[in-house]
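First up is the structure itself, then whatever we jot down about it.
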Amino acid sequence: MADMSTKTLAKPIMKLLICDFDETITLRDTIFPLAQLAYVEKPQFKPVWKHFEETYMEGYTKLQPRFETGRSLPLLKPKRDVITVSNYREIFASELQYQRQCREIELNSIHEMERKSLFRDVTTDAVVEYVRNNFNHSVETILRPGFSHCAASAVNCMGFELRAISINWSRELIEAVIPMGLIHPENIHCNDLLLKNDVYTGEFSKGLLTGSDKEALLSRMLDESNSGNADCWYVGDSETDLLAILHPGVNGVLLLDPEENESKFLKVTTKILGLAKSDMEDFAGDKAVGHLKFTSKQAHNGKDTACYIAKTWADVETLLKQLATV
2 MADMSTKTLA
12 KPIMKLLICD
22 FDETITLRDT
32 IFPLAQLAYV
42 EKPQFKPVWK
52 HFEETYMEGY
62 TKLQPRFETG
72 RSLPLLKPKR
82 DVITVSNYRE
92 IFASELQYQR
102 QCREIELNSI
112 HEMERKSLFR
122 DVTTDAVVEY
132 VRNNFNHSVE
142 TILRPGFSHC
152 AASAVNCMGF
162 ELRAISINWS
172 RELIEAVIPM
182 GLIHPENIHC
192 NDLLLKNDVY
202 TGEFSKGLLT
212 GSDKEALLSR
222 MLDESNSGNA
232 DCWYVGDSET
242 DLLAILHPGV
252 NGVLLLDPEE
262 NESKFLKVTT
272 KILGLAKSDM
282 EDFAGDKAVG
292 HLKFTSKQAH
302 NGKDTACYIA
312 KTWADVETLL
322 KQLATV
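Letter by letter, the sequence shown follows residues 2 to 327 in the working numbering.
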């Protein structure tokens, strides 16, 4: 009998399905409803929410145009090399810088919420109860159609580990929305409100604010996951997800339904990414086509990866079944 101790056992393939939360897992943004919870719990609290919205817009109006001048769009040039680990940061240097600069915009309003103690003394129990009540006693009313089935299939049948990378403010809200058993709390990463004895202190972690923060966390995950022998997917819907979607270490999926929001679909695909408008219009108009590959990439081990557009979570599930490592 062979001595098993002399054999080198192959490391198991790590399979990660990493998702944005707001408007990727959910149908709509949940940050505003979360903000309203502070006023439900503290009815006499001042200032009103409009103050924080105005603070954000003041910072955005002042800073974003200045940061935008150094941004090179579209991200995907007509003549480009295959995206690889060695050229990724060079190709997207201006976008990485732009997203880092945008942290200042986000911090401007975050610091004001901390200064005014908007979320101080709100309990995690109140968050969970608020999710139940606000979403009509069923999280299915806020989940994007097909997510639960796709995630359950990926986790229970295909061996994926589900993770969330979000600029949302509450790990507890995200955990309460995602169906039980699909994600471990430690795999939820966000700009979370800090806790003391299950009560929010009013301060934020401030680690996840922009697309560059998401990319940095994704890169760390890949480094820690034996990425040379991993099958990693990232799914997102917005500009802050593009650096992660374009990362060569993952198969990236831009989840946008052109029928749901045509202007957002065209802005992200044609203006920001630089995909041909005629191709996007053809894709949008063809109901028989649910996903489309739009660029090729290569991970550091030479493994081919790619970027796709998908209209629905059912289309994401189809991609996973077709392309995920068995």
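Where a beta carbon is used, it is the ideal one built from N, C-alpha and C, also for glycine. Keep in mind it's a predicted model, so treat the numbers as computed, not measured.
Residue i, enclosing alpha helix (DSSP H) - first and last residue
{"i": "Ser95", "result": "94 to 102"}
{"i": "Cys308", "result": "No alpha helix (DSSP H) contains Cys308, which is instead part of the beta strand (DSSP E) from 305 to 311."}
{"i": "Ala39", "result": "32 to 42"}
{"i": "His150", "result": "148 to 153"}
{"i": "Glu176", "result": "172 to 178"}
Three-state secondary structure (DSSP) of residue i
{"i": "Glu261", "result": "coil"}
{"i": "Cys191", "result": "coil"}
{"i": "Gly60", "result": "helix"}
{"i": "Lys16", "result": "strand"}
{"i": "Phe22", "result": "coil"}
{"i": "Asp287", "result": "coil"}
{"i": "Leu256", "result": "strand"}
{"i": "Lys322", "result": "helix"}
{"i": "Gly250", "result": "coil"}
{"i": "Gly80", "result": "Checking the displayed sequence, the identity of residue 80 turns out to be Lys instead of Gly. In this structure, Lys80 counts as coil in the three-state DSSP scheme."}
{"i": "Ala277", "result": "coil"}
{"i": "Val331", "result": "In the structure as shown, the chain starts at 2 and stops at 327, and residue 331 therefore has no counterpart that could be examined."}
{"i": "Asp316", "result": "helix"}
{"i": "Thr27", "result": "strand"}
{"i": "Leu144", "result": "strand"}
{"i": "Thr241", "result": "helix"}
{"i": "Lys47", "result": "coil"}
{"i": "Leu196", "result": "strand"}
Residue span of the beta strand (DSSP E) that contains residue i, given as start and end
{"i": "Phe295", "result": "292 to 299"}
{"i": "Thr202", "result": "200 to 205"}
{"i": "Ile166", "result": "162 to 166"}
{"i": "Asp214", "result": "Here Asp214 belongs to no beta strand (DSSP E); instead the alpha helix (DSSP H) covers 212 to 225."}
{"i": "Leu126", "result": "Here residue 126 turns out to be Asp, not Leu, going by the sequence shown. Asp126 -> not in any beta strand (DSSP E); alpha helix (DSSP H) instead, spanning 125 to 135."}
{"i": "Cys233", "result": "231 to 237"}
Spatial neighbours of residue i in its chain, beta-carbon cut-off 8 Å, leaving aside the 5 residues before and after
{"i": "Arg1", "result": "Residue 1 falls outside the range modelled here, since the chain spans only 2 to 327, and no answer is possible."}
{"i": "Leu108", "result": "Lys207, Leu210"}
{"i": "Leu74", "result": "Lys272, Ile273, Gly275"}
{"i": "Lys78", "result": "Gly275"}
CA nearest to the CA of residue i, picked from the options
{"i": "Lys312", "options": "His301, Ala285, His112, Lys298", "result": "Ala285"}
{"i": "Arg164", "options": "Thr125, Thr319, Tyr235", "result": "Tyr235"}
{"i": "Glu282", "options": "Ser264, Arg90, Glu173", "result": "Ser264"}
{"i": "Val49", "options": "Gly60, Glu59, Met159, Gln37", "result": "Gln37"}
{"i": "Leu28", "options": "Phe93, Arg145, Pro66, Asn135", "result": "Arg145"}
{"i": "Ile184", "options": "Leu35, Lys288, Val156, Pro44", "result": "Val156"}
{"i": "Ser167", "options": "Lys117, Glu105, Glu240", "result": "Glu240"}
Contacting residues, own chain, Cβ-Cβ under 7 Å from residue i (five flanking each side not counted)
{"i": "Asp82", "result": "Asn88"}
{"i": "Thr1", "result": "The shown model of the chain, from 2 to 327, leaves out residue 1, and the question about it has no answer."}
{"i": "Val317", "result": "Cys151, Val236, Val254, Leu256, Ala311"}
{"i": "Cys103", "result": "Phe68, Thr211"}
{"i": "Phe148", "result": "Ile26, Trp314"}
{"i": "Ser213", "result": "Leu97, Gln100, Arg101, Leu244"}
{"i": "Glu1", "result": "No answer is possible for residue 1: it lies beyond the span of the chain, which begins at 2 and ends at 327."}
{"i": "Ser95", "result": "Gly71, Arg72, Ser73"}
Residue i, buried or exposed, once every other Cβ within 10 Å from all chains shown has been counted against 16
{"i": "Val178", "result": "buried"}
{"i": "Asn169", "result": "buried"}
{"i": "Cys20", "result": "buried"}
{"i": "Gln100", "result": "buried"}
{"i": "Met114", "result": "buried"}
{"i": "Asp126", "result": "exposed"}
{"i": "Pro249", "result": "buried"}
{"i": "His190", "result": "buried"}
{"i": "Ala307", "result": "buried"}
{"i": "Asp287", "result": "exposed"}
Chain B contact for residue i (CB, 7 Å cutoff)
{"i": "Ser239", "result": "The structure shown contains no chain B, having only a single protein chain."}
Proximity test, residue i beta-carbon vs the ligand HEM heavy atom, cut-off 6 Å
{"i": "Val200", "result": "Looking for the ligand HEM in the displayed structure turns up nothing, as the structure carries no ligands at all."}
Beta-carbon proximity list for residue i, same chain, < 6 Å, skipping 5 on both sides
{"i": "Leu119", "result": "Ala39"}
{"i": "Glu55", "result": "none"}
{"i": "Ser297", "result": "Val83, Ala307"}
{"i": "Arg221", "result": "none"}
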